[in-house]
Each structure stands twice: as structure tokens, then as C-alpha cells.
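Enquirer:
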Amino acid sequence: MLQIPTWKRIFIWAVVACGLILALPNAFYSRVEQANDARAAIEQSGATAALEEQAAGWPDFLPSGLVNLGLDLRGGAHLLAEVQVEDVYASRMDGIWPELRDALRDARDEVGTIRRVDEGGDQLIVALSDPAGLPRAMEIARGLARPVSTISGVGAQDLSVEGRDGQLIVQLSPEEQSATDDRTIRQSLEIIRRRVDEVGTREPTIQRQGEDRILIQVPGIGSAEELKALIGTTAQLTFNPVISRGGDPDAASSSRQVVYPLLDEPETYYTLERTPVVSGEDLVDAQPSFDQNGRPAVTFRFNPTGARAFGDYTAENIGSPFAIVLDEEVISAPVIQSHIPGGSGIITGNFTVEESTQLAVLLRAGALPAELTFLEERTIGPELGQDSIEAGQIACLVAFVAVLVFMALSYGLFGIFANIALLLNVALLFGLLSLIGATLTLPGIAGIVLTIGMAVDANVLVFERIREELKTARGPSRAISQGYERALSAIVDANITTFIIAAILFTLGSGPVRGFAVTLGLGIITSVFTAIFVTRLLIVTWFDRRRPKTIEV
Amino acid sequence: MRLKLVPDDTNIDFFKHAKATFGASCVAMVLSLVVWLMLGLNFGIDFRGGTTIRTEGSEQVDVAAYRAAIEPLELGDVVISEVFDPSFGDDRNVAMVRIQAQEGQESVASDTVAAVEAALSEVDPSITFPSVESVGPKVSGELINTALLAVGAALAAMLFYIWLRFEWQFAVGAVGALVHDILLTIGIFSLFQIRFDVATIAALLTVLGYSINDTVVIFDRLRENLIKWKQRELRDVMNLSVNETLSRTVMTSGTTLLALIALLVLGGDVIRGFVFAITWGVIVGTYSSVFVAKNIVLFLGVKRDWSKPDKTDGNQFANIDS
């Protein structure tokens, strides 16, 4: 009646052993963490004696996966950014304008003279001197459209062209807009990742959330402010021709001109051409350096396209100034002394060394395609996290001891069996968490404590049932097997319902709540496993050895 | 010698005062609603947007001085509350400052935070800011929707699952008990103005999980006994089932509460609200399994005799397994 086949016994013990081995690294958290870091460092930049020694701190043959600590336990910064995807529409329009202008000028006989009248928004509006030429102008504009290059937008063109009151209105088609949005988010993700990586912190989380949001979590960084400075800067570098210089912020005489302040003298404004000669996208490298006077500066190098455009422009405009513009501020506006053919240059300004280093990082990582708006930001100091861990550990320990004592007192030997299963349960839970690389948060710790309390439930159900069966059944062995059999449906129903709740929490929650859902859900799996299989195996093994005539539960 | 919280054979009549206990639960639910409507909930920044700054200094927290320091910044609604925890020594004085979301700002203004921090540093030079959290109104609005959706989805899923596994009367009873638990938890959060945030919703859902767990165990026994005792009164069978599972109910609630109380006392102040919600919910949930869920089933009645054709059921295939 109480037979458990050998293969099943082996299987159960194998699962337990796997769980224990997987959980083991967490018992030596800092040592394993150091060893892992050292190994990563060796992988990346070669071995040194000190690194080798640290890496040897944890043997190779043992698993080294750890439960990640969430921000609330480790300290760090959390940002939720929304990408202003519409920003890109305007720059796309600016990009199309020269092409459209040239095409329309070539057809001057049919459409008359043209003038761009929009203000740089997501619509490109061109006024024609001859309204009768509108159909022809629309035809020309449509000719510039290309097919949208996504699966969902098959057959659609990227531009939508309208004509109204003698004005030609060009904008991105809805299909192209959604394709552009997607591209913008992916670019932003990539650039944010590069910028965060340049700073070299451990295990940052950078992921897309929903349609147009990016979640950034960086452990160990001092504050969200610091992180914002790093990733919130667009770092859009352009080189624009200078039209004039003055003190009037409203000096723009046409929509094709923009007025930006000088970085170091906010009272001074430059009027520039809106369309840049070269932009930061054509940069291949940027390094912090010093100019000939020993002041911090940034040197940069263009790719061949950028180098050609820059070379041609400087050759044609010797003697006139051009502006180096970063995020709508003029850094400097030197006069072109000579033709600059090599495609490299230097940006000088009143930088400190830190500023020039940061600017080089930003330029190297590339410009964000669109601006970010921060919807949520959290900074958690490392001390607070440490306090939480300590408090959580003490609470876990006390909860553990209390439950163990309570169970032993209530069920005697069977209580001890349940206690062994409970200890294994927590070990298995940690093993599973390490295996899937889950993140432990403060509510997650609460989830573990709750699991400790609730994990005994399945055992209690069985034990109570065995007690009842002992009153009626013939012999202890039958009581035990009946107890397990009859308690099973209650155990299954009760745990499935809780598991459904954990799944809902996981799907709808985020951050800490999700961490809680993970520990709760995995805790249910491990507790059912240990209660149904491990405790039973312990009891059966004991029963086989002793063959008691009566048992007391 | 065993520790026995519940004697071996109990024969308590849980449904002697069925109307009274159920009535009391209803009154408690109505009171919770009234308190909720009158006092409202002390929503955290998760749900209303704004900024909370945790301060820690060696000097005693002087709420009035803090307020006076922040007042000139004209930030609107500012709530300052001191935080107590047995683990804090004399030189650790912690307070929470909550600032409402600023008009017309979607994203969070860092200079506002900097200004507040500077003002507070004037009051207590030793002050540090271990955590600063800001949530914009856009996100907080979404979080409210998600929270409501989560609770709704949980209730619907439970209703469906219990209906699938048991009878519809059981499902109604179980969900009635869940609504009871949620309302009473919201009521106590409203009464004591405990901060209500996303973690509280997670706690509420956990309570749902625990409560349904408890309810299902008794239902499971009831289902078994209904088959075993075909002729006995429904009320007797229910009493029998509750009595039989009483020992288990007390044991499980006992161990869970032991663990939760350890966490409540020693787990630190950061998650105290969260743990409190779960602890309270476990107590209420254990009560509601017997006195709300079972009472509802008792009032609705359960179809007992499956051998006779159901008159109200016109479907000729309905009794295929009878």
C-alpha cells in the first residue's frame, strides 16, 4: 500500500539535490558575486593575478547563478521614460525638404516659385506662387514617396501628399508613422543601453514597456538625477551655416531659419539655417582631448559621407562662420579658416574635463532620435536597501523558527518530517529563483515569508486527514495512504486558486509587485512538490524501516 | 505530548446564529463602505502622482519645522509624517515627505526635489535622503486602472474556477466572501488612513488567494460529505465539514499568522503597510470562509439529489452522469 517505486524515489531525491545545488551559491552571496564579476572582467579585458584569485573564490564546477537583488534591496535608480516619437516626424520632414525643393525647382515652369511656410512641425507645407500647378506639384511629391518597409505596411507609401489652397502639404503616412515609431523606440533603447554600458555599472535593466516607453533600472548608481543626466540628454549634434549673430531671440526671418542661444552667453543668439550641413549621425568617433591652449575639448571624426559633405562645405565657404550646435544650443561658431578635407575636427567651448568626457561619451553613443519625458523616477539609497535586507533576513529567520517549533509541537515526528520538507521547500524556491535569474524584491521577501507560513498547509491537510483516517481505517499504513489520497483534491484546488492569483499579479504588476508574484507562484509549486512527494517519501521510508503497529500524528 | 489548539472531536454549531453572523458581516461591509466614502483612502503617489522623499537625520523630526521650511516653495499639498520603527535607534529619525504632483508637469521636476532637499537640510544639517520617488500623473492614472483590472480579473477567475470545480452556489459564496474581505481591508485602510499604493493592491490580491484557499478546503470537504450523507440536513453536513476541517484551519492560519507577525514586527517599516494588509486579510479571510461563504451557500441551498431529474432543467442530457 505504501510502496513508492524506486525510480520515483530516485527522481524525487534528484530534484531535491538539484534544487539544493542551485540554491547553494546564494548562501555565499558576496563571494560568488565577486567571482562572477572577476570572471566577466577576465573575459572582457584579460586576466590579472588579483582577478584570478577572486575568480577562484568559487569553484567552476558549481552553479554560480544568483538570485538578483531588486533595486529596493540593492539601491539604485529607476526611470520610466516616454519617447516623444513625434519628434522624429519633424526631422524626417526636414530631411525630405532639400530633395522636394530641388524636384519642384526643376519643374518651375509648371508649378511656379515655391516657398516653405511651415514651422518645422510634422507637416511640410509648401506655398506655390501658381495654384494651378498644384496637381503637378503633388505628383512630384508623390514621386518621392517610397514603399513602407515593414510587414504590416505592405503596399503603403511612406508619404501622404495633399493639396489645399495652393499649398502642398506633405506628411508621413500612418503606416510609415507606426513603422517610424517602432524604429525610434528601438534606436532609443539601443542608445540608452550604450550610454549606460559606457558608465559600466552592473546588470542594468533596460527594456521596452508598452508602446512608447522605456524602463531603465540601474543598480548602484547614486541617484535618478545622475542617470537622467546621462540618458536624458538628446546629444543631437549638428553643424549649421550661420546667417547672423545678435541679441534677439526672435530674429528668424523665415521658417527655414532657427535661432539658438550661445551656450556660454545666453544673451547672444545665432540665426542659423535650419538644415544642417552635417549631423551627429555621421560621426564615427569622439574623444575627450585638449585644444592647443590646453583647455578641455572633444575631438571627433566623420564617416566618409559626413567627411565629404563637411569638406565640400568648408571649401566653398572659407571666411564665413558655421555653428556647432548641440541640443539647440550653439557650442561655438568658429570662422572657417581653410578647407577641412579629412573629416575630423575639434569642438572647443568652456568645458571642464568632466563635461568634455561626458560629451564625448554621449556623442560616441549616438544621439537619441527623440526626446525623452520621464514619467516615473525612483532613487533608493544603498543603506536603505541594506536595512531592508537585514530586516527581511531576521523576519524570515524568526518566522521559520516559530513555524518549525509550532509544527513539531503539534504533530511530533510527522511535524519534523514536515519541517524537513519546509526547509527543502525554501531551498528549492531559492534554487528555482536562481535558475531563472529572478529578481528578489522586498515584497518578494514578504512572499517567501508568506510561503513559509502557507507551505505547511498541504502537510497540515494531509496530517489532519491521516488523523481522521486513523479513527476508522484498519491499520496505520492504510490511514497514511488514505490520508494522502483524500487530501489531494483539497490541496490541488486550494493551490490552483492561489496560483491563478499569482499569475494575475505577474501579468498586471510591475517591478516589486512582479517580484512578489514570482516568489508566491514558485513557492506554491515547490511547496506542493515537497508536501506531496518529499514528506510522503520521508514518511514511507520511516514506516518501512520501523513498521510501527500504531502511529500518532 | 502534543500541542492541540483544537480538541479532537469538536461539535460546534457554526450556523446557529447564521443570520446574526452574516448580518454582522453585512454591517461591517456597509460600515467599511461608509468609512471609505467619507474618509477616502490615503492614496500613495503610485495612484495620485507626486513625489515622496524619505528623510533620515540624527535630530528629532520636527514636523512643524519641516513644514515651515517647505511652505515658502508653494508646492501645494505637502504631507509630512514621522516614521517609527523599533529598529531605529535614538539617532535615526525618519520621516516621509509627500508632495503632490505639480500643475502642468507630466514629467517629474528635479529642481522641485532639489529645492525641498535644500530646504530640509537647513532645518537639520545631518539630514540624508535615502529614497526619492516620483510618479507622474499619467502613470498613476494607468496604475489605478491596472489595479482595478487586476482585482476584477482575480474575482472573475475565482468565480469561474470554483464554478467549474464545484456548484454555482459555491462560486457565489466564495466570491461573496472575497468581496467581503476586500471591503473590510479597504475599510480599515481608510479608517486608519494607512497609505494605499500598488503594494497594497498586491496585498489585497494575496488576501484573495489566501481566503479562497481556505474557502476551497472547506468546500472540498463539504462536497465529500454531501455525497457521503445524502439524507442529512444541509446545515448539519456543513457543520460537520467545518468541524472536521477546523483543526486544519486553525493550524494553517496559525502558522501563516506566526510568519506574518514576525514580518510585521521585524520586517522594517518600508513594507509594514503591505504586511499589515496581508495579516489583516488573513484574519478576515479565515472568518469569511466560514461565516460568509458558507452562509451564502446555506441560504442559496445546494441541489442534493442528483438521481431525480431536475425540473427546472429542460436539457435532457443534463443528468447523463447521474
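Line by line, the protein sequences are chains L and S. Using the UniProt record's numbering, count along the first sequence one by one with no gaps and you end on 553. Using the UniProt record's numbering, count along the second sequence one by one with no gaps and you end on 322. Every residue gets a Cβ at the ideal spot worked out from N, C-alpha and C, and that includes glycine.
Of all the CB atoms in chain L, is at least one closer than 8 Å to the CB of Phe274 (chain S)?
Expert: Cβ-Cβ to chain L under 8 Å: yes for Phe274 (chain S).
Enquirer: For Gly76 (chain L) and Val199 (chain L), what's the separation of their Cα atoms in angstroms?
Expert: Answer to the nearest angstrom: the Cα atoms are 14 Å apart.
Enquirer: Does at least one heavy atom of the ligand ADP sit under 7 Å from the Cβ of Val179 (chain S)?
Expert: This structure simply doesn't include the ligand ADP, nor any ligand for that matter.
Enquirer: Taking all protein chains shown into account, decide if Asp91 (chain S) is buried (16 or more other Cβ within 10 angstroms of its Cβ) or exposed.
Expert: It counts as exposed.
Enquirer: I need the DSSP call for Thr52 (chain S), collapsed to helix, strand or coil.
Expert: It is a strand residue.
Enquirer: DSSP state of Arg2 (chain S), grouped into three classes?
Expert: Three-state result, Arg2 (chain S): coil.
Enquirer: On the DSSP bridge assignment, give the partners of Pro261 (chain L) in chain order.
Expert: According to DSSP, Pro261 (chain L) bridges with L:Tyr269.
Enquirer: Just curious, the beta strand (DSSP E) that Asp9 (chain S) is in, first and last residue?
Expert: From DSSP, Asp9 (chain S) is part of no beta strand (DSSP E); its letter is neither H nor E.
Enquirer: In whole angstroms, give me the CA-to-CA distance for Asp457 (chain L) and Arg248 (chain S).
Expert: Whole-angstrom Cα-Cα distance: 8 Å.
Enquirer: Classify Glu468 (chain L) as helix, strand or coil using the three-state DSSP reduction.
Expert: In the structure shown, Glu468 (chain L) sits in a helix (DSSP, three-state: H, G or I).
Enquirer: Less than 8 Å separating the beta-carbons of Leu257 (chain S) and Phe276 (chain S)?
Expert: Not in contact: Leu257 (chain S) and Phe276 (chain S) (Cβ atoms no closer than 8 Å).
Enquirer: Could you give the DSSP three-state label for Arg92 (chain L): helix, strand or coil?
Expert: In this structure, Arg92 (chain L) counts as helix in the three-state DSSP scheme.
Enquirer: What's the gap between the Cα of Val83 (chain L) and the Cα of Phe374 (chain L)?
Expert: Approximately 9 Å between the Cα atoms of the pair.
Enquirer: Excluding the five sequence neighbours on either side, which residues of its own chain have a C-beta within less than 7 Å of the C-beta of Phe170 (chain S), listed in chain order?
Expert: Counting only Cβ-Cβ distances below 7 Å, and skipping sequence neighbours, we find Ile162, Phe219 and Val297.
Enquirer: Which same chain residues end up closer than 7 Å to Asn459 (chain L) when comparing Cβ atoms and leaving out the 5 residues on each side of it in sequence?
Expert: Once the five neighbours on either side are set aside, the close Cβ partners of Asn459 (chain L) are Ala418, Ala421, Ala531 and Thr535.
Enquirer: Beta-carbon separation of Leu440 (chain L) and Gly515 (chain L) under 8 Å?
Expert: Result yes, Cβ atoms of Leu440 (chain L) and Gly515 (chain L) sit closer than 8 Å.
Enquirer: Using beta-carbon positions only, say whether Ile466 (chain L) and Val553 (chain L) come within less than 8 Å of one another.
Expert: Yes.
Enquirer: Classify Phe317 (chain S): buried if its beta carbon has 16 or more other beta carbons within 10 angstroms, exposed otherwise.
Expert: Residue confidence for Phe317 (chain S) is low, a pLDDT of 46 falling below 50, so the modelled location carries little weight and cannot support an answer.
Enquirer: What number of angstroms, rounded off, separates the C-alpha of Val403 (chain L) from the C-alpha of Thr185 (chain S)?
Expert: The alpha-carbon atoms of Val403 (chain L) and Thr185 (chain S) are separated by roughly 25 Å.
Enquirer: Residues of chain S with a CB under 9 Å from the CB of Lys228 (chain L): which are they?
Expert: What Lys228 (chain L) touches in chain S: Ser110.
Enquirer: With DSSP as the reference, identify every bridge partner of residue 391 (chain S), one or two as the case may be.
Expert: Residue 391 (chain S) lies beyond the residue range present for chain S, which begins at 1 and ends at 322; the question has no answer from this structure.
Enquirer: Quick one, are the C-beta atoms of Ile491 (chain L) and Leu470 (chain L) less than 8 Å apart?
Expert: Taking 8 Å as the Cβ cut-off, Ile491 (chain L) and Leu470 (chain L) do not qualify as a contacting pair.
Enquirer: Tell whether a beta-carbon distance below 8 Å holds between Asn240 (chain L) and Val284 (chain L).
Expert: Cβ distance not < 8 Å, so Asn240 (chain L) and Val284 (chain L) don't count as in contact.
Enquirer: I'd like to know whether the C-beta of Ser188 (chain L) is nearer than 8 Å to at least one C-beta of chain S.
Expert: Taking Cβ atoms only, chain S never reaches closer than 8 Å to Ser188 (chain L), which makes this a no.
Enquirer: Quick check: the Cα distance between Leu424 (chain L) and Leu33 (chain S), rounded to an integer number of angstroms?
Expert: Leu424 (chain L) and Leu33 (chain S): Cα-Cα distance of roughly 44 Å.
Enquirer: For residue 555 (chain L), report the span of its alpha helix (DSSP H) as first-last.
Expert: Outside the displayed range of chain L (1 to 553) lies residue 555 (chain L), so it cannot be described from this structure.
Enquirer: Helix or strand or just coil, what does DSSP make of Arg194 (chain L)?
Expert: Residue state, collapsed to three classes: helix.
Enquirer: Give the secondary structure of Pro219 (chain L) by DSSP, where H, G and I count as helix, E and B as strand, and everything else as coil.
Expert: Pro219 (chain L): strand per DSSP, three-state reduction.
Enquirer: Which chain S residues are close to Arg105 (chain L), counting only those with a beta carbon under 8 Å from its beta carbon?
Expert: The contacting residues do not exist; Arg105 (chain L) stays about 42 Å from chain S at best.
Enquirer: Three-state secondary structure (DSSP) at Phe414 (chain L)?
Expert: Of the three classes helix, strand and coil, the one that applies to Phe414 (chain L) here is helix, per DSSP.
Enquirer: Is it true that the region 393-400 of chain L meets the region 475-487 of chain L, where meeting means three or more beta-carbon pairs spaced less than 8 Å apart?
Expert: Segments in contact, no.
Enquirer: Measure how close the beta-carbons of Gly70 (chain L) and Gly444 (chain L) come, nearest whole angstrom, since I'm counting them as under 8 Å.
Expert: That belief holds up - the Cβ atoms of Gly70 (chain L) and Gly444 (chain L) are roughly 7 Å apart, short of 8 Å.
Enquirer: Short check: CB of Phe14 (chain S) to CB of Val217 (chain S), under 8 Å?
Expert: Result no, Cβ atoms of Phe14 (chain S) and Val217 (chain S) do not sit closer than 8 Å.
Enquirer: Which term fits Asn495 (chain L), buried or exposed, when burial requires 16 or more other beta carbons within 10 angstroms of its beta carbon?
Expert: By the 10 Å Cβ count, Asn495 (chain L) comes out buried.
Enquirer: If the cut is a Cβ gap below 9 Å, which residues of chain L does Leu260 (chain S) touch?
Expert: Within chain L, the residues near Leu260 (chain S) are Ala399, Ala446, Val449, Leu450 and Gly453.
Enquirer: Give the secondary structure of Leu69 (chain L) by DSSP, where H, G and I count as helix, E and B as strand, and everything else as coil.
Expert: Note: Leu69 (chain L) maps to strand in three-state DSSP.
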